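This report concerns only the one structure given below.
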Amino acid sequence: MSSVSSMATVILVTGGSRSGKSDYARLRGEALEGARAFVATCPVVDEETAERIRRHQQERSPDVWDTIEEPVKLKEVILGADNYSVVLVDCLTLWINNLLHEAYMSGDAVSEDYVVSRANELLEACSTHHGTVIFVTNEVGWGIVPENALARQYRDLVGRCNRVLSAAAHEVVLVAAGIPLVLKKREP
Amino acid sequence: MSSVSSMATVILVTGGSRSGKSDYARLRGEALEGARAFVATCPVVDEETAERIRRHQQERSPDVWDTIEEPVKLKEVILGADNYSVVLVDCLTLWINNLLHEAYMSGDAVSEDYVVSRANELLEACSTHHGTVIFVTNEVGWGIVPENALARQYRDLVGRCNRVLSAAAHEVVLVAAGIPLVLKKREP
Amino acid sequence: MSSVSSMATVILVTGGSRSGKSDYARLRGEALEGARAFVATCPVVDEETAERIRRHQQERSPDVWDTIEEPVKLKEVILGADNYSVVLVDCLTLWINNLLHEAYMSGDAVSEDYVVSRANELLEACSTHHGTVIFVTNEVGWGIVPENALARQYRDLVGRCNRVLSAAAHEVVLVAAGIPLVLKKREP
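Chains as they are written, first to last, in this note's numbering: chain G, 1 to 188; chain U, 189 to 376; chain R, 377 to 564.
Structure, rendered in structure tokens:
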């Protein structure tokens, strides 16, 4: 990995569902100068998802954000985002869901090591970027152990991915009830 | 809404199930002077709930708290609570549950906008109160996405309601393992 | 209970699943001098569990930690751990699970009072220990109410146990995305 000085400022925003993570991340991005890319990892699979996407899109002015839809190839998007000062990826949990889906379709299993290596690829892509990359993720492991084996695996993978990003991030923010709690902050 | 100076001090206490939220909120109320009202939003629907209510009641001295049971009409209770210096509403999550139940019984759907407008009504009622209004709520969105569509909607609505209250509250406290973590505090 | 001065330093480490709690607790223990015991409360009930145990074991050098496997009798283990300066119990949630299982097998019910008394026994055992006892536990109540009655009881019992330990602990640390957040700290 490149030295820290050449790396994009990486911000990880995490929190429960509907905690205000996405709004917070968007406002952080809008407080920065320059062109901004919103990377949506969410494939439209049902009407509920479509409605959620519509609502989020209405909150983002097209004058302020360009939207890039990419469910899986996040590394490539970040590597190709030289024109943008701010890249906001929303969100990593859906990305992991999409990795699982892709693997399932091709008959492959997804290991923790695989997710770790994919997460590290994202950080390597960030290390070549000149601006700020903001990742939104979810806390998914604060309930009881799910009965469903796939759900258990999913929360394991999300927890692992969050820790990889968090360890390298310049800033980690936990959002609860709309209020940011800075867990970690170091100078870029 | 009235100016902040005429508004009751609003405290939002949130946290996971059995985190000590209710105990913390009760102690905050008991640390204040004057008459105190405990507003129970919990309709007794089963023996498990009844037992939980009994246990909570035993912890509240009737010399210290008047209990008002009201599953739905919280705005009206707050508007009529002029005789009390402290109003403790426990809890908003059950209130939302009751709103959903009421709507279901009358064949209506409950939108996020509806919950936001009901939450804003609570804040408007608080703006006419002279004392302190403490709301207890729950964090419900830190697990995996529920398979049940109603559960998904419920956690969306709770998350939204919490953010409306939190944005206006003077103080927001997250309780974990019995320990309060102040997320936000401004002078009344 | 003995006076605080004769009590082991008690550290409670909590957080969601895969948040980095165990790693953090292990590093805390390794930062202390003297012999170290790792108390595994996890009975090997299935391959998924076995795999998780193997992974955790690989992270613990046998030169640095002695492993003691004990699913239920934690008080006895702590009382007999005079040879160790550091006792790390991982984790209380599995211990409560094992208490529930034991009671179920003998046809008994497990009440909150029972768990509170068992948790207090752990603290009493700590009060006779000369070193540091680190307990790892889980946050399990931040999701929606489980449909399963046993799961509801389990999260109630875990919440209650966490609060008993937390109230007495010298230090309580919440770990999220691998980052420790100190909720409470007092001098030993």
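Glycine residues also receive a C-beta, built at the ideal position from the N, C-alpha and C atoms. The model shown is predicted, which means the values in this text are computed figures rather than measured ones.
| query | result |
| --- | --- |
| Measuring only the C-alpha atoms, how far is residue 294 (chain U) from residue 284 (chain U)? | 15 Å |
| For the beta strand (DSSP E) that contains residue 225 (chain U), what are its first and last residues? | 224-228 |
| Kindly list the residues whose CB is nearer than 6 Å to the CB of residue 607 (chain R), restricted to its own chain and excluding five residues on each side of it in sequence; keep chain order. | Because chain R here runs from 377 to 564, residue 607 (chain R) falls outside it and cannot be looked at. |
| The beta strand (DSSP E) that contains residue 391 (chain R), what's its start and end? | 385-391 |
| Can you give me, in chain order, the residues of the region 151-177 of chain G that have a beta carbon less than 7 Å from any beta carbon in chain R? | 155, 156, 159, 160, 162, 163, 166, 167, 172, 174 |
| Would you decide whether residue 278 (chain U) is buried or exposed? Buried here means 16 or more other CB atoms lie within 10 Å of its CB. | buried |
| Mind pulling the chain G residues with CB within less than 8 Å of residue 403 (chain R)? | Ordered by position in chain G, no residue passes the 8 Å Cβ test against residue 403 (chain R), which lies about 13 Å from the chain. |
| Residue 424 (chain R) to residue 331 (chain U), Cα distance in whole Å? | 20 Å |
| Can you name the residues of chain R whose CB is closer than 8 Å to the CB of residue 183 (chain G)? | 552, 553, 555, 557 |
| May I have the straight-line CA-CA distance separating residue 555 (chain R) from residue 154 (chain G), to the nearest angstrom? | 20 Å |
| Are residue 329 (chain U) and residue 16 (chain G) close, meaning C-beta to C-beta below 8 Å? | yes |
| Check whether the Cβ atoms of residue 591 (chain R) and residue 453 (chain R) sit closer than 8 Å, and answer yes or no. | A query on residue 591 (chain R) cannot be resolved here, the shown segment of chain R reaching from 377 to 564 and no further. |
| Residues of chain R with CB closer than 7 Å to the CB of residue 330 (chain U), please, in chain order. | 392, 518, 519 |
| Roughly how many angstroms lie between the CA atoms of residue 229 (chain U) and residue 244 (chain U), to the nearest whole one? | 13 Å |
| Ordered along the chain, which non-local residues of its own chain (more than five positions away) have a Cβ less than 6 Å from that of residue 393 (chain U)? | The displayed coordinates of chain U run from 189 to 376. Any statement about residue 393 (chain U) would go beyond what the structure contains. |
| Count the other CB atoms within 10 Å of the CB of residue 54 (chain G); is the residue buried (16 or more) or exposed (fewer)? | exposed |
| Identify whether residue 2 (chain G) lies in helix, strand or coil by the three-state DSSP scheme. | Note that residue 2 (chain G) scores 40 on pLDDT, short of 50, meaning its location in the model is unreliable; the coordinates nonetheless yield the value given after this. DSSP places residue 2 (chain G) in coil when its eight states are reduced to three. |
| Kindly indicate if chain R contains any beta-carbon less than 8 Å away from that of residue 1 (chain G). | The pLDDT assigned to residue 1 (chain G) is 41, lower than 50, so where the model puts this residue is not dependable; a value taken from the coordinates is nonetheless given after this. Chain R contact via Cβ: absent. |
| Could you check where the beta strand (DSSP E) with residue 179 (chain G) kicks off and where it finishes? | 179-185 |
| Quick one: what's got a C-beta closer than 8 Å to residue 34 (chain G)'s C-beta in the same chain, skipping five residues either side? | 84, 85, 86, 131 |
| State the DSSP-derived secondary structure class of residue 335 (chain U), mapped to helix, strand or coil. | coil |
| Can you tell me the Cα-Cα spacing of residue 539 (chain R) and residue 27 (chain G), whole angstroms? | 36 Å |
| Strictly below 8 Å CB to CB, what residues from chain U border residue 424 (chain R)? | In chain order: nothing, as chain U lies at least about 16 Å away. |
| Give the DSSP-derived three-state secondary structure of residue 90 (chain G) in the structure shown. | strand |
| If residue 348 (chain U) and residue 18 (chain G) are in contact, beta carbons under 8 Å, what's the gap, nearest whole angstrom? | 6 Å |
| Whole angstroms are fine: how far does the CA of residue 101 (chain G) sit from the CA of residue 108 (chain G)? | 10 Å |
| Could you work out which residues of chain R lie near residue 12 (chain G), taking near to mean beta carbons separated by less than 9 Å? | 553 |
| Where are the alpha helix (DSSP H) runs, 4 residues long or more, that stay fully inside the region 315-362 of chain U, in chain order? | 337-356 |
| DSSP state of residue 552 (chain R), grouped into three classes? | strand |
| So, are the CB atoms of residue 172 (chain G) and residue 401 (chain R) less than 8 Å apart? | no |
| Check each candidate in R:457, R:489, R:525, R:449 and name the one with the smallest Cα separation from residue 470 (chain R). | R:449 |
| Relative to chain G, which residues along the region 491-520 of chain R have a C-beta separation below 9 Å, given in chain order? | 514, 515, 516, 517, 518, 519, 520 |
| Going residue by residue through the region 47-72 of chain G, where are the continuous alpha helix (DSSP H) segments of at least 4 residues, counting only ones entirely within it? | 47-59 |
| Can you give the Cα-Cα distance for residue 270 (chain U) and residue 358 (chain U), rounded to whole angstroms? | 20 Å |
| Could you tell me whether any Cβ in chain U is nearer than 8 Å to the Cβ of residue 146 (chain G)? | yes |
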